[in-house]
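Numbering (full-length UniProt numbering) for the sequence shown: 1 to 120.
We treat Cβ as the ideally placed atom computed from N, Cα and C, and that holds for glycine.
The structure presented is a predicted model; accordingly, all values stated were derived computationally and were not measured.
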Amino acid sequence: MPHEGMLFHSHEESYNFYNSFGLTHGFAVRKYSTYKSRKDEVIVRRTFVCNREGFKKKQEADNKDNIKRRRETKCGCKASMEIILNKLGTWEIKKFNDIHSNDLLKSPNKKKIKITQQVL
C-alpha cells in the first residue's frame, strides 16, 4: 500500500509500483503531470492519477456526422499519487489519495484493465 514518505530510486520505479498497486486494486494509472526545476530542467515532481480522473473535453467539429463516438470513461476520480525528488536524490511520495469516485474492477474483471504508458 503506498503511503506518504515512501521512497523510490527513480520516478519510473514509483510509476511501476503505483501501476502494480492499481492493477491489484482494480484501476489503471496514467501519468498526469511533470514539473521541472527552473534552474537545470531536472524533473522534480510527478503526479500519477487513476485513468478515470478528469472529464472528457467537449470537441467542436465542423461536421458532427463524422465524429467517432466513444464510450465515456472519465468521471472525475480524485485518486492520485504525487512524488517529489527530495534533497537526498530519492523519490518520495508527497501526497497519496486512494479515494475513488468510480467503481473499481473486481478480481475476475481485472484482466480488462488497460495498462497505460507501458506494459509491466
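Within this structure, are the beta carbons of residue i and residue j separated by less than 8 Å?
i     : j     : result
Arg46 : Ile93 : no
Val49 : Tyr32 : yes
Pick out whichever of the options has its Cα sitting closest to the Cα of residue i.
i      : options                       : result
Phe96  : Arg38, Ile43 and Gly22        : Gly22
Tyr18  : Asn51, Val44 and Lys36        : Asn51
Cys77  : Asp98, Lys87 and Leu88        : Asp98
Thr24  : Arg30, Met1 and Lys87         : Met1
His100 : Asn16, Ala28 and Leu88        : Ala28
Lys87  : Ser80, Val44, Ser14 and Ala79 : Val44
Buried or exposed for residue i, please, with buried defined as at least 16 other CB atoms from any protein chain shown within 10 angstroms of its CB.
i      : result
His11  : buried
Arg38  : exposed
Glu53  : buried
Pro108 : Residue placement at Pro108 cannot be trusted, given a pLDDT of 44 that sits under 50; what the coordinates show is reported in the next sentence. With fewer than 16 Cβ atoms within 10 Å of its Cβ, Pro108 is classed as exposed.
Can you find the residues in the same chain that come closer than 8 Å, C-beta to C-beta, to residue i, ignoring five residues on each side of it along the sequence?
i     : result
Thr90 : Leu7, Phe8 and His9
Val42 : Lys36 and Leu85
His3  : Ile93 and Phe96
Ser80 : Tyr32, Thr47, Phe48, Val49, Cys50, Glu53, Lys95, Phe96 and Asn97
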